[in-house]
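Student:
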Amino acid sequence: FAGKFFSFADMHVSPKPLQQPHPPIWIGGAGDAALQRAATFAAVWQPTPLSVADLVERQTALRAACERLGRETPPETRMSFRVELSTITGNAPPAGAARPAGHGTPAEVAGDLARYREAAGLDAFQINFHGNRDLDQLLRSMECFMREIKPQLG
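Going by the working numbering, the sequence shown opens with residue 492, and the numbers climb by one from there.
#1: What three-state label does DSSP hand M502 in the structure shown?
#2: Of the choices G581, K507, G561, whose alpha-carbon is the least far from that of G595?
#3: Check R590 in the structure and name its three-state DSSP category.
#4: Which word fits D603, buried or exposed, when buried means at least 16 other C-beta atoms lie within 10 angstroms of its C-beta?
#5: Go to M570, then tell me how far its beta strand (DSSP E) extends in each direction, as first and last residue.
#6: What residue from D523, R528, A534, F499 has the CA that sits closest to Q511's CA?
#7: Could you check the C-alpha separation between P591 and R562 for me, to the nearest Å?
#8: Count the C-beta pairs between the segment 609-627 and the segment 569-578 that are closer than 8 Å, then say yes if the count reaches three, no if not.
#9: So within the segment 497-543, which uninterrupted alpha helix (DSSP H) runs reach at least 4 residues, ignoring any that extend past its ends?
#10: Do you know whose CA, among D614, I640, E609, T578, lies nearest Q628's CA?
#11: Could you work out which residue in R638, A530, D501 is closest to I516 when comparing CA atoms only?
#12: In the structure shown, what three-state DSSP assignment does G595 receive?
#13: Count the CB pairs spanning the segment 497-508 and the segment 554-561 that are closer than 8 Å, and state whether there are at least three.
#14: Could you check the C-alpha separation between R549 and Q527 for me, to the nearest Å?
#15: For P540 and A610, what's the separation of their Cα atoms in angstroms?
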């Protein structure tokens, strides 16, 4: 390859990707430029955590970007979702502060995920566990998620 910024020769990549012509491309970000890149190239658009209303608005903007390009089917949306189980970490929002989506009891987190799924049509999330002080808490959070939250989502 010889390009404007990089040149290399005699390189080999192995093993070859199973997907053809290439692995699926995921594009992150929620700004207009990121949506344009996702509309042009992505199989999956993965926005940074957004409120439900902002996510729905950005999905509308993504569909519009796809329409401008003549792309019939927009990329799948798979949002990165931050989960902090207060029952495990002991962390809670300050008194009087709004509870951030994804933070709280297992029932509250399950409700948040269901709201995103229903309002924005999300079938999958990338779950990031936050607020854990050590590996034991992280493992307990993951186990709690699979035992108490996942079954509520069907």
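Ideal Cβ positions, reconstructed from N, Cα and C, are used throughout, including at glycine.
As the structure is a computational prediction, the values presented were derived from the model and not from experiment.
Tutor: This is what the structure gives:
#1: Look at M502 here: in three-state DSSP terms it is coil, with no helix or strand label.
#2: Of the listed residues, the one whose Cα sits closest to G595 is G581.
#3: Reduced to three states, the DSSP call for R590 is coil.
#4: Counting other Cβ atoms within 10 Å of its Cβ, D603 reaches 16 or more and is therefore classed as buried.
#5: Taken as a continuous stretch (DSSP letters only), the beta strand (DSSP E) holding M570 covers 570-576.
#6: Cα-wise, what sits closest to Q511 is A534.
#7: Straight-line Cα distance between these residues: approximately 35 Å.
#8: Touching, yes.
#9: Entirely contained in the segment 497-543, the alpha helix (DSSP H) runs reaching 4 residues are, in chain order, 523-532.
#10: When each option's Cα is compared against that of Q628, the closest is T578.
#11: Comparing Cα positions, the closest option is A530.
#12: Note: G595 maps to strand in three-state DSSP.
#13: No: the two stretches stay apart, fewer than three of their Cβ pairs being nearer than 8 Å.
#14: The alpha-carbon atoms of R549 and Q527 are separated by roughly 11 Å.
#15: Rounded to the nearest angstrom, the two C-alpha atoms are 15 Å apart.
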